[in-house]
Amino acid sequence: MSPRRRLAVRVLRMLFFAFLFSSGNLISQAATNHPKILLIYDMEGVSGVSHYEMTWVERPEDYARGREFLTSDVNAAIRGLAAGGAGSIWIQDGHGSGNVKEPDLLVDKMDPHAQFDFRDRDFDPYDTGIDGSVDAIVCIGMHARANTDGFEAHTVTDRISYRINGVDFTETHIVALSAARWGIPVIMVSGDNLLGEQLKPDFPELEYAVVKTAKSRALAEPLPSAEASKRIEEAAKRAMGKFLKGAYRPFYLPPPYDFQLGFQNWQQANGAATAPGVLHDGETGVRYRSATFIEGYRLSLDALRRSSDALQVLIRILSQDPQGKKYLDQLSDAFWTRWLTPEKPAPHMQPGPKPAPKTRFYGDN
701 MSPRRRLAVR VLRMLFFAFL FSSGNLISQA ATNHPKILLI YDMEGVSGVS
751 HYEMTWVERP EDYARGREFL TSDVNAAIRG LAAGGAGSIW IQDGHGSGNV
801 KEPDLLVDKM DPHAQFDFRD RDFDPYDTGI DGSVDAIVCI GMHARANTDG
851 FEAHTVTDRI SYRINGVDFT ETHIVALSAA RWGIPVIMVS GDNLLGEQLK
901 PDFPELEYAV VKTAKSRALA EPLPSAEASK RIEEAAKRAM GKFLKGAYRP
951 FYLPPPYDFQ LGFQNWQQAN GAATAPGVLH DGETGVRYRS ATFIEGYRLS
1001 LDALRRSSDA LQVLIRILSQ DPQGKKYLDQ LSDAFWTRWL TPEKPAPHMQ
1051 PGPKPAPKTR FYGDN
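Here this note's numbering is used: position 359 in the sequence shown is 1059, and no number is missing along the way.
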């Protein structure tokens, strides 16, 4: 091959690889400039939800109002994300009101810029609902962690402490650490004033929309609906702008993961300690270590189920007894009185009809 031909071949090779490199950058920039956003909603931190009945399907009139407020908050976030540059927006139900027929969100009233994530298999929005196709996560209607004075404060379940590597976890922390497996940041959250304070130390760059003030675990003082929507929309838009500039990082804790769960009494701790690898930690706590967060999270759900097995057995026995209804009513009152407020027991919960088998799944319901 002549020197001139060799030079021509080298030039062509350089141009070819330069084209591949620039094409890759263009594809990467296109993905970054049109990000896929996953919006997970809970219901306790929704703007107009001021008492717990508005989050439970067993209270039809109150629940209907709660769904309207939820849909308003989610739509405000969708508008802000779309205005800020989101490419696609997917919605998942992270609440679990007991509504087995449809999501808590009023899907027919959802802003058309977003799509609801319906699937043909059951999934956990905090676990299998998150994957590497997502660029960033937004959480709407979240609540403060357990054992604090936030409105309906809890972490996964009532009255436990949930710590990983010494960090007190809210459910927003759970979402964020689960998303970190894929390198995904949580960029915006809405909820009450106490949750905002609890998230600041671990998420300093987070855009947070305060939509109500917690007066107790049973009562919240909401903002006017228009003001709440404005705050959510503006925070979502700011979050998208910051994300596109690379301002966010995933929430990272180094492995291994040391889980500590604290309970109300030793009976609950004894039940939790029957889960594989879970050990007693003092009189009312358990702890264990996991190589990955998601394995540890799944084990925590197993331990929590075991901690409440005795209660489930009692409920099952009472429900089969012709005279058991009055005791179930008393149990319901005692539970809600202990969880929420000693001043106002909850009205009795009426059991709904047995649901038909599900063929479509939409999150934590």
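Just so it is clear, CB atoms sit at the ideal spot from N, CA and C, and this is done for glycine as well.
According to the DSSP secondary-structure assignment, Thr913 is paired through a beta bridge with Glu921.
Per DSSP, the continuous alpha helix (DSSP H) segment holding Phe993 begins and ends at 993-1007. In this chain, Gln815 is not harboured by any alpha helix (DSSP H); it is covered by the beta strand (DSSP E) spanning 814-816. Taking Glu934 as reference, the option from Val911, Tyr1062, Phe816, Asp804 with the minimal CA-CA separation is Val911. The criterion of a C-beta distance shorter than 8 Å is satisfied by Phe851 and Ala920.
Where Val889 is concerned, the enclosing beta strand (DSSP E) starts and stops at 886-892.
Membership of Val774 in the alpha helix (DSSP H) is indicated by the continuous run 760-784.
Under the DSSP definition of a beta bridge, Glu907 partners with Met888.
In terms of Cα proximity to Gly841, the closest of Gln964, Leu770, Thr857, Leu1004 is Leu770. Bounds of the alpha helix (DSSP H) holding Ser878 are 871-880. Counting along the chain, the unbroken alpha helix (DSSP H) around Ala969 starts and ends at 966-972. Looking at the backbone, the Cα of Leu895 and that of Lys945 are separated by about 26 Å.
His873 sits buried, since 16 or more C-beta atoms from the chains shown fall within 10 Å of its C-beta.
Annotated three-state conformation of Gln898 is helix, per DSSP.
Straight-line measurement puts the Cα of Ala844 at about 16 Å from the Cα of Val886.
Closest option to Ala928, judged by alpha-carbon separation, among Asp811, Asn893, Pro950, Gly787: Asn893.
Of all alpha-carbon atoms in Asp822, Gly796, Ile837, the one lying nearest the alpha-carbon of Arg949 is that of Ile837.
In the pairwise beta carbon analysis, the stretch 935-944 is classified as not touching the stretch 967-974: fewer than three pairs are separated by under 8 Å. Ranking Gly745, Tyr988, Ala783 by CA distance to the CA of Ile737 puts Ala783 first.
In the assembly as shown, Asp1021 is an exposed residue. Its beta-carbon has fewer than 16 other beta-carbons within 10 Å. The criterion of a C-beta distance shorter than 8 Å is not satisfied by Ser750 and Leu923.
It is roughly 28 Å from the alpha-carbon of Ile860 to the alpha-carbon of Ile791. Taking C-beta atoms under 8 Å as the contact rule, Arg767 and Asp742 fail to qualify, at a distance of about 13 Å. Judged by DSSP secondary structure, Trp790 falls within the beta strand (DSSP E) whose first and last residues are 788-793. Boundaries of the beta strand (DSSP E) harbouring Tyr862: 861-864, taken from the DSSP string. Rounded to whole angstroms, the gap between the alpha carbons of Glu995 and Ala909 is 31 Å.
Here Asp773 is not near Pro825, since their CB atoms are 8 Å or more apart. In the three-state DSSP reduction, Lys942 falls in the helix class (H, G or I).
At the C-beta level, Phe993 and Ser878 come within 8 Å of one another.
With fewer than 16 other Cβ atoms from the protein chains shown falling within 10 Å of its own Cβ, Glu905 counts as exposed.
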